[in-house]
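Peer 1: After the structure tokens below, expect a handful of questions from me.
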Amino acid sequence: MPSSVLARLPPGSVRLVAAFGLLLLVSLLVLGRRRPPGPVARTSNGGSRVFDPAALFLSLSAGANATIKADLRALTAGPHLAGTPAAAGPVAHVLGRFRAAGLRTLTREYAPLLSYPGNASSLSLLRADGSFLARLSLEEPADVGGRGGLVRPYHAYAPSGAAVAEAVFVNLGREEDYAALDKLGVGVRGRIALARRGGGYRGAVVARAAEKGAVAVLIAGRADGGVERGVVMLGGPGDPLTPGWAATVGAERLGFDNEAVKRRFPTIPSMPVPAETAAAIIRSLGGPAVPAEWKVGLGVDAGGLGPGPTLVNFTYQEDRKFEMIRDIFGIIKGSEEPDRYVILGNHRDAWTYGAVDPNSGTAALLNIAQRLGKMLQSGWKPRRSIILCSWDAEEFGMIGSTEWVEENLADLHLKAVAYLNVDCAVQGVGFFAGSTPQLDKLLVDVTRQVKDPDVMGKMVHDTWNEMNGGISIERLARTDSDFAPFVHHAGIPSMDLYYGQEFSGYHTALDSYSWMEKHGDPLFLRHLAITEIWGLLALRLADDPVLPFDYQDYASQLLEHRNGLSFLLGNSQAVNVMNGSIDDLFGAAMEALKEAKKLQQLDLYDEHARMRRRLLNDRLLLAERSFLQAEGLEGRRWFKHLLYSPPEDYESKLSFFPGIADAISRSGNLSAKEREAAIQHEVWKVSRAIQRAASVLRGDFNQQNKPSNFSSLVTP
Ligand SMILES: *[C@@H]1O[C@H](CO)[C@@H](O)[C@H](O)[C@H]1NC(C)=O
Ligand SMILES: *[C@@H]1O[C@H](CO)[C@@H](O)[C@H](O)[C@H]1NC(C)=O
Ligand SMILES: *[C@@H]1O[C@H](CO)[C@@H](O)[C@H](O)[C@H]1NC(C)=O
């Protein structure tokens, strides 16, 4: 209700009646709504103003696409790779916009180990006798549109090295590709592996080639595009020298001879190369013919798989150094629960101009900041604190976010309600989302309130639902954006949102403002949709008196995972130990939902009701932490989430229960009995974690003294 209504009250005796009427209306508004009501600001004259934060937020959408567009243009005016002087431009822009919105700002600096290309990289083709044949380009094709100042295509953390060797074309560089080569009698030992992009994480492609004995790896870009830069670090996110603590200046750093540190870096040099260059090498190769389906996207017509007869002469020089990175925060203090944090994050650093990756998300974040600023001016205040984060050095392995999470872990464990991530906000058509399952319902709800950017008259929910035969929400076991430390290390309910998939200019010079304006989102309406979804999610999480978490959805998802695992193992016995704990989580979730309903009927300002809500909310927010294993996964201590950390084996068929996935992939040399025991132990761990979550959610000690299968215990 706008405040102008108060100003228009009639004078004299009528005023009293009108004031009563207003009070009644306000009470009806507060009590009669099914959605938890927005906060009520008490005004000085005793009247009340009711805010519907969602309506207020959406009312600020007019013209927002133009603002987002202008911000994107400013952010992408030049390249801004982390740790370089050019990174200062977007830092100033983001700080300026947070300040203009009236938010409290904070900058946190870290000095991680970063990795850049040195001066001495080269690639050439030699005849079998070692004589020079041709120099090969390592640069992006000129027509890709790069201007000056872009970092040359390279792999961050690839070690310096040189190799003169025969090349073998290994297709995507997956296990199955090496198996196929093996059948043809082609091996990579002592040779240079040439792969085309698309075989999953490039660091894994390099590590696998090294394991097979290759001396270097070249990864080809797309024939229709640029050359893909990227990180090849292994073993998880964050600064490689400060695993588990923050890389502040003066902090402890592990040495390069530390075994854990050594495992973070590939052992052989690697480099992304233009498709042209890859095609030239393949054309020079003999050996078995290249299968037709291996040529996709390379524009190659002749040649073989190798090895030889030509030689490839490859040199790479890495420039490894400590550089300063900057995380920027815009903070709105909660009015009732300032010690509860709703965290929104997006990274700012880019391989090139970053119009898609990541500044489409930054522009959306800045628009949210602006709107929240206007809402604050109108008298609204969030119940809980909202923290907007602009991360640095994500492209080097989620370093900015990981260092901050590590530095503030204890605080976050206690206070973080949820983390909402947007990286590449827009790279094409169609809404996509990943989430921890207790947030599913909230996400689906919110998409019903946001207009579809591409289909007139529809909501995002409708088109999302129609896209792939029903709404599908991914789980967050990937390690490719800033939700990773929040989920895998800290156990914080999280989400990841984006429009479009498979951007052809990913990590290349094509990722520019002009691409976005021409192809990605000409009217900036997809940007607008993401901004609205992201903002509304934040407002629900910050303002709902009872947190909008649904653990029944979590239990359902776990039941599906259990069935998936049982199918994979071909053995339902092994997974049966989970049944009781999943059932228990279902029960606890149902009770929590009932309690939430009851609490929603109570007076918003009653002290007792307030305390009861706080108690329930604490259980809702701490339940996710129960999935953490304090000492981490076996042999991978940093990863603590037993349901959603990435499996160690990049080709694992299991994208959940990472401890079980690891036990399966490590069981190659074990006897059947040992294998079964190793897997069973990990299944028990998951089961206990789910049981912990059920107990936390229920808020009481487990009271079942008699296990139903007591008789099955055999005296040892
Ligand atoms: C590369 O060359 C530039 C200019 O000659 C020089 O300043 C820089 O130190 C060199 N970098 C390395 C890693 O050698
Ligand atoms: C390989 O390339 C490097 C760098 O260009 C050059 O110094 C070296 O002589 C070359 N090796 C052979 C065998 O041609
Ligand atoms: C913003 O969207 C409207 C349609 O809602 C469109 O007419 C306008 O051109 C867009 N503005 C920009 C700057 O693209």
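First residue of the sequence shown? That's 1 in full-length UniProt numbering, and the numbers climb one at a time after it.
We treat Cβ as the ideally placed atom computed from N, Cα and C, and that holds for glycine.
This structure is a prediction, so every number in the text was calculated from the model and none was measured.
Using DSSP's beta-bridge definition, name the partner residues of Phe-386.
Peer 2: Contrary to the premise, residue 386 reads as Ile rather than Phe in this sequence. Residue pairing by DSSP puts Ile-386 in a beta bridge opposite Ile-332, Val-342.
Peer 1: Val-686 and Phe-657: beta carbons closer than 8 Å?
Peer 2: yes
Peer 1: Going by Cα to Cα distance, which pick from Gly-469, His-347, Trp-294, Glu-276 is closest to Leu-366?
Peer 2: The shortest C-alpha separation from Leu-366 is found at His-347.
Peer 1: On the DSSP bridge list, what partners appear for Trp-391?
Peer 2: His-347
Peer 1: Just to confirm, does Leu-126 get its C-beta within under 7 Å of one of the non-hydrogen atoms of ligand 2?
Peer 2: yes
Peer 1: First and last residue of the alpha helix (DSSP H) that includes Arg-610?
Peer 2: 607 to 623
Peer 1: What residues sit near ligand 3, counting only those whose C-beta is closer than 6 Å to one of its heavy atoms, in chain order?
Peer 2: Asn-65, Ala-66, Lys-69, Leu-523, Phe-524, Leu-525
Peer 1: Apart from the five residues on each side of it in sequence, which residues of its chain come closer than 8 Å, Cβ to Cβ, to Thr-310?
Peer 2: Leu-125, Leu-126, Arg-127, Ala-128, Leu-133, Glu-166, Ala-167, Ile-281, Ser-284, Leu-285
Peer 1: According to DSSP, simplified to helix, strand and coil, what is Val-426?
Peer 2: strand
Peer 1: Following a CB-centred definition, is Ser-270 positioned closer than 7 Å to any heavy atom of ligand 2?
Peer 2: Not so, every heavy atom of ligand 2 lies at least 7 Å from the Cβ.
Peer 1: Once DSSP output is grouped into helix, strand and coil, what is the label at Pro-272?
Peer 2: Correct three-state label for Pro-272: strand.
Peer 1: Report whether the distance from the Cβ of Asn-313 to the nearest heavy atom of ligand 2 is below 7 Å.
Peer 2: yes
Peer 1: The beta strand (DSSP E) spanning Val-164 covers which residue range?
Peer 2: 161 to 165
Peer 1: By the three-class DSSP mapping on this structure, what secondary structure does Glu-560 have?
Peer 2: helix
Peer 1: Does Asn-313 come out as helix, strand or coil in the three-state DSSP assignment?
Peer 2: strand
Peer 1: According to DSSP, simplified to helix, strand and coil, what is Met-233?
Peer 2: Assigned with DSSP and collapsed to three states, Met-233 falls in coil, not helix or strand.
Peer 1: Which full runs of the alpha helix (DSSP H) of 4+ residues lie inside the UniProt domain "Transferrin receptor-like dimerisation" (580 to 697), going along the chain?
Peer 2: 607 to 623, 658 to 665
Peer 1: How should Ala-142 be labelled, buried or exposed, when 16 other C-beta atoms within 10 angstroms of its C-beta is the threshold for buried?
Peer 2: exposed
Peer 1: Our contact map puts Ala-588 next to Tyr-551 with C-beta atoms below 8 Å; I'd like the distance itself, whole angstroms only.
Peer 2: Sure, about 7 Å apart at Cβ, within 8 Å.
Peer 1: Among Ser-115, Gly-187, Arg-197, which residue has its Cα nearest to the Cα of Ala-158?
Peer 2: Ser-115
Peer 1: Apart from the five residues just before and just after Leu-497, which ones in its own chain have a Cβ nearer than 7 Å to its Cβ?
Peer 2: Val-422, Ala-433, Ile-530, Ile-533, Trp-534
Peer 1: Compare the C-alpha of Ala-210 against each of Thr-267, Ala-677, Gly-303, Thr-436 and name the closest.
Peer 2: Thr-267
Peer 1: For Pro-485, report the span of its beta strand (DSSP E) as first-last.
Peer 2: Where Pro-485 is concerned, there is no enclosing beta strand (DSSP E), given that its DSSP letter is neither H nor E.
Peer 1: Go to Leu-366, then tell me how far its alpha helix (DSSP H) extends in each direction, as first and last residue.
Peer 2: 359 to 377
Peer 1: Check whether the Cβ of Ser-122 lies closer than 7 Å to any heavy atom of ligand 2, and answer yes or no.
Peer 2: yes
Peer 1: Is Val-273 near ligand 2, going by C-beta to nearest heavy atom under 7 Å?
Peer 2: no
Peer 1: Does ligand 4 have even one heavy atom less than 7 Å from the beta-carbon of Val-164?
Peer 2: Although ligand 4 was asked about, the structure shown includes only ligand 1, ligand 2 and ligand 3 as ligands.
Peer 1: Is the Cβ-Cβ distance between Ala-369 and Ala-101 less than 8 Å?
Peer 2: yes
Peer 1: At what residues does the alpha helix (DSSP H) containing Thr-531 begin and finish?
Peer 2: 525 to 543
Peer 1: Following a CB-centred definition, is Gly-118 positioned closer than 7 Å to any heavy atom of ligand 2?
Peer 2: no
Peer 1: Under the assumption that Ile-386 contacts Ala-490 (Cβ atoms under 8 Å), give the Cβ distance between them as a whole number of angstroms.
Peer 2: Contact doesn't hold; Cβ gap of about 18 Å is too wide.
Peer 1: Apply the 10 Å Cβ neighbour rule to Pro-79 and answer buried if 16 or more other Cβ atoms are within range, or exposed otherwise.
Peer 2: buried
Peer 1: Got a sec? Which residues, its chain only, sit under 7 Å from Gly-32 by beta carbon, not counting five neighbours each side?
Peer 2: Per-residue confidence for Gly-32 stands at a pLDDT of 36, beneath the threshold of 50, marking its modelled position as unreliable; no derived number is given.
Peer 1: So, are the CB atoms of Tyr-644 and Ala-484 less than 8 Å apart?
Peer 2: no
Peer 1: Tell me the DSSP secondary structure of Pro-36 in three-state form.
Peer 2: Per-residue confidence for Pro-36 stands at a pLDDT of 41, beneath the threshold of 50, marking its modelled position as unreliable; the derived number appears in the next sentence. Note: Pro-36 maps to coil in three-state DSSP.
Peer 1: Once DSSP output is grouped into helix, strand and coil, what is the label at Thr-105?
Peer 2: Here DSSP, grouped into helix, strand and coil, assigns Thr-105 to strand.
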